[in-house]
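Residue numbers (numbering that gives the first Met the number 0): 0 to 87.
Note that beta-carbon positions come from the ideal geometry of N, C-alpha and C, so glycine has one too.
So the structure is just underneath, and the comments pick up after that.
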Amino acid sequence: MARNDRIEVTKGMSGYYAIHTAEYADSDIGWYRDIVNTGIGRYKTFDGAKKEAQDWSKSDEIPLVDNLIDSKEVTKIKGDTNTNECSI
0 MARNDRIEVT KGMSGYYAIH TAEYADSDIG WYRDIVNTGI GRYKTFDGAK KEAQDWSKSD
60 EIPLVDNLID SKEVTKIKGD TNTNECSI
């Protein structure tokens with residue numbers, strides 16, 4: 000059983016992209032979040048993936064993560080030097 004579906008943006012080796020995630024129940028570990036599907040585009044910029052995520056959320060009526068923010072901005076806020084991860 001899945002719950003809390005949402006669309007968000009992440010960054011991988013191929014660039015930024017939109018993802019659909021949901022929470023699933025497991026009898027051993029409890030609830031965990033996993034990827035249901037990925038968007039069709041891969042983008043050099045966060046804004047390209049954000050636009051796809053917004054359109055996907057609207058067309059499929061899946062909630063969009065509030066306050067989408069590029070991991071570079073999170074890095075600036077937290078003062079972390081690791082820019083390989085995208086925190087949403």
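In the structure shown, K10 falls within a strand segment according to DSSP collapsed to helix, strand and coil.
Straight-line measurement puts the Cα of R32 at about 12 angstroms from the Cα of I6.
Bounds of the beta strand (DSSP E) holding D33 are 29-37. Under the 10 Å beta carbon count, I28 is surrounded by fewer than 16 other beta carbons and is classified as exposed.
Listed as beta-bridge partners of A17 by DSSP are V8.
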